[in-house]
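Below: one structure, written as structure tokens.
2 protein chains.
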Amino acid sequence: MSSSTTASNTTAPTQLLKVNDHSYAYRRFGGGPGLPLLFLQHFTGTLDNWDPAVTDPLAAGREVILFDNAGLGRSSGEAPATVAAMALHPMAFLEVLGIERCDVLGYSLGGMVALQMVQDRASVFRRMILVGTAPRGGEDIMHLEKPSLAKRIQDPTNRGYDVLKKIFFTASPSSQAAGEAFVRRLSQRKDDLDPVSGPKVAGAQIAAFREWEGFEGERFAELRGIRHPTLVVNGVGDEMIPVSNSYRLSENLANAVLLTYPDAGHGSLFQYPESFTRHAAAFLASNSESAAV
Amino acid sequence: MSSSTTASNTTAPTQLLKVNDHSYAYRRFGGGPGLPLLFLQHFTGTLDNWDPAVTDPLAAGREVILFDNAGLGRSSGEAPATVAAMALHPMAFLEVLGIERCDVLGYSLGGMVALQMVQDRASVFRRMILVGTAPRGGEDIMHLEKPSLAKRIQDPTNRGYDVLKKIFFTASPSSQAAGEAFVRRLSQRKDDLDPVSGPKVAGAQIAAFREWEGFEGERFAELRGIRHPTLVVNGVGDEMIPVSNSYRLSENLANAVLLTYPDAGHGSLFQYPESFTRHAAAFLASNSESAAV
């Protein structure tokens, strides 16, 4: 198994792994007693969108593995248009990488992929952290056409990471200040950057959100079969994937603790990185059958 | 200031404090660097209903003060029939006890009293922990006549603390086992016990719940003026004060973190005392302006 030479997403080199006819971009760094922790990313996000204030403290206790799904960053292929199809890529990647068992942190779209993977291949995963995400059949998932969001996304004065400051954080001065710090941290990585996702990726992933809003049979029934200890996290002011979706997750998953943050939007983990990583590290360090730590 | 000779609710002596024409029963034990922590109790509960697995670990970092409101246990007078009237008693008690500033842990009805006190006398309180409670205008608060609850409360085979096992815990084997352990812990206190509350106390407190469900003007607006760092805790299966009330608290309080537990009912703090006291102690130890620790 290869290991990176630095333990920060600011400097960790991007690696490529060939799996059948695909090539996946990833970064792998850190170490410690814990199982590897696979990070699954948000809508259009690449390896460069992982805040080092979140990845690096967690890399102090385990290897962290950041992953570009097909069609994202420098991974080959096209972005899938369903969550189920997205889940096949990290599964194949883990297998070839030789990771038989790991923990997973899924953020936003990545949380949906994590849920799908845990349903499809329960034994590969031990503990799951779901941030700012929604179950299948969730409500109001990433409707970027909503006036409140569209105004901020289409504002021509917002460019690059600054858009994230407007949509991942609330309008309060304290949240916007946290957003500026977040953008500064992402901007510290200067070299070996992923290409930014284009409209084709966005279109496929929006289609996946629409498909994920649908459900058949009893709503949320599939969650009750998932017994993995799970930590669900969200900001109470999330306009992209409202916190009600996190409520439904923690109510219907068999074994989930919910943690919500005040004055925070979709990017709660980036707004409170010290608190989030403290809770996440304690959760991951536990070997209890219960999610409660 | 007096201090008890033991640091456990299993053995701490009950004390009485004269305040004007009232006499209040309380227990005070523990010590450490933190501000005193005032415990406010649930429907019909007395000093003897505080689980030592919750009080004692917290008493390792600060004095804890358990309080019988008027008409409860060995406190004089009649149980008030509104939360606002209940809030006057601990305020007067704290003043005569010489406590100018403290933290407060309110459970169920006690959480409503804590909210009222923090609104009425903001400067007395630093941090607030609200477990299994509801804001003014909350929903489905303590409707013991609901068939699901009435069946368990009126079951003649349930006596004394065993009723709590049925109504504070879920029907799952793991939750019921935790309930048995809880009852065993309460039963360890053998002497110097409070009298059990009768129907008069229950009637007054039920009237207070009904009054608390009402609201005027914009629902939950008063919560947005409370800036105290707050930790809100509940079990996702609480049938006495449903978890939706905790969602409304954490969404509308300016500065509240929410923690919910799986497989748990109204007594989540007694089901997961190690986890609860770990989170509560970390929250109380913080001097941050933010509730996020």
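Going line by line, the protein sequences match chains A and B. According to the numbering used here, the first sequence is numbered sequentially starting from 601. According to the numbering used here, the second sequence is numbered sequentially starting from 601. The C-beta atom is built at its ideal place from N, Cα and C for all residues, glycine as well.
Go to Gln641 (chain B), then tell me how far its beta strand (DSSP E) extends in each direction, as first and last residue. First-last for Gln641 (chain B): undefined, no H or E at that position.
In angstroms, rounded to a whole number, what distance separates the CA positions of Val849 (chain B) and Pro735 (chain B)? This sequence places Leu at residue 849 (chain B); Val is not what is there. For Leu849 (chain B) and Pro735 (chain B), the distance between alpha carbons rounds to 6 Å.
With 7 Å as the C-beta to C-beta threshold (strictly closer), list the residues of the segment 864–883 of chain B near chain A in chain order. Legend: CB atoms of the segment 864–883 of chain B lying less than 7 Å from CB atoms of chain A belong to residues Tyr872, Ser875.
So if DSSP puts Gln615 (chain A) in a beta bridge, which residue, or which two residues, is it bridged to? A:Tyr626
If Pro862 (chain B) and Ala891 (chain A) are in contact, beta carbons under 8 Å, what's the gap, nearest whole angstrom? 6 Å
is_contact[Ala891 (chain A), chain B] using C-beta, thresh 8 Å: yes
Have a look at Gly711 (chain A) and Cys702 (chain A) and give me their C-alpha separation to the nearest angstrom. 15 Å
Per the DSSP calculation, Leu658 (chain B) is bridged to which residue(s)? DSSP output for Leu658 (chain B) lists no bridge partner at all.
With DSSP run on the structure shown, which of helix, strand or coil describes Val836 (chain B)? coil
As an exercise, report each continuous alpha helix (DSSP H) stretch of at least 4 residues that is fully enclosed by the segment 734–771 of chain B, in chain order. 747–754, 761–767
Residues of chain B with a CB under 9 Å from the CB of Asn855 (chain A): which are they? Pro862, Asp863
Please state whether DSSP places Tyr847 (chain B) in a helix, a strand or coil. helix
Taking all protein chains shown into account, decide if Gly738 (chain A) is buried (16 or more other Cβ within 10 angstroms of its Cβ) or exposed. buried
Chain-ordered residues of the segment 811–842 of chain A with a beta carbon less than 7 Å from chain B: Val836
Looking at Asp648 (chain A) and Asp794 (chain A), is the spacing between their C-beta atoms short of 8 Å? yes
Distance CB(Ala670 (chain A))-CB(Asp720 (chain A)) smaller than 8 Å: no
For Val696 (chain B) and Asn834 (chain A), the rounded distance between their alpha carbons: When rounded, the separation of the alpha-carbon atoms in Asn834 (chain A) and Val696 (chain B) is 42 Å.
Residues of its chain near Lys765 (chain B), where Cβ-Cβ distance is below 6 Å and the 5 sequence neighbours each way are ignored: The beta carbon of Lys765 (chain B) lies closer than 6 Å to those of Gly779, Val783 in the same chain, with the five residues before and after it left out.
Closest residue to Val561 (chain B) among B:Glu851, B:Phe643, B:Asp762 (Cα-Cα distance): Limits of chain B in this structure are 601 at one end and 893 at the other, which puts residue 561 (chain B) out of reach.
Residues bridged to Thr860 (chain A) (per DSSP): A:Asn834, B:Leu858
Taking C-beta pairs closer than 8 Å, name the residues in chain A that Leu858 (chain B) reaches, listed in chain order. Val836, Leu858, Leu859, Thr860
What is the rounded straight-line gap between the Cα of Ser675 (chain B) and the Cα of Asn609 (chain B)? 17 Å
Have a look at Leu635 (chain A) and Ala660 (chain B) and give me their C-alpha separation to the nearest angstrom. 33 Å
Can you tell which of B:Leu637, B:Gly803, B:Leu658 has the C-alpha that lies nearest to the C-alpha of Ser875 (chain B)? Cα-wise, what sits closest to Ser875 (chain B) is B:Leu658.
Relative to the C-alpha of Gln776 (chain B), which candidate in B:Phe667, B:Gly865, B:Gly677 has its C-alpha closest? B:Gly865
Entirely enclosed beta strand (DSSP E) segments - the segment 648–699 of chain A, minimum 3 residues: Fully enclosed beta strand (DSSP E) runs of 3 or longer: 662–667.
For Ile910 (chain B), the nearest candidate out of B:Arg878, B:Met840, B:Phe639 (CA to CA): Nothing can be reported for residue 910 (chain B), as the shown portion of chain B is limited to 601 through 893.
Which two residues bound the contiguous alpha helix (DSSP H) that contains Gly632 (chain A)? Element bounds for Gly632 (chain A): n/a, residue is neither H nor E.
Residues of chain A with CB under 7 Å from Tyr847 (chain B), in chain order? Tyr847
Environment of Leu672 (chain B) [buried if 16+ CB atoms lie within 10 Å]: Buried, because 16 or more other Cβ atoms sit within 10 Å of the Cβ of Leu672 (chain B).
Could you give the first and the last residue of the continuous beta strand (DSSP E) run that contains Ile806 (chain A)? That residue, Ile806 (chain A), is in no beta strand (DSSP E); its alpha helix (DSSP H) goes 799–813.
Along the chain, where does the alpha helix (DSSP H) that runs through Arg727 (chain B) open and close? First-last for Arg727 (chain B): 725–731, but that is the beta strand (DSSP E), not the alpha helix (DSSP H).
Pull up the distance between the alpha-carbon of Ala771 (chain B) and that of Leu884 (chain B), whole angstroms please. Using only the alpha carbons, I get a separation of about 32 Å.
Reference Ile699 (chain B); option with closest CA among B:Gln754, B:Ser723, B:Val843: B:Ser723
I'd like to know if Ser787 (chain A) contacts chain B, where contact means its C-beta is closer than 8 Å to some C-beta of that chain. False, the Cβ-Cβ gap to chain B never drops below 8 Å.
Nearest-angstrom Cα separation, counted from Tyr847 (chain A) out to Leu859 (chain B): 11 Å
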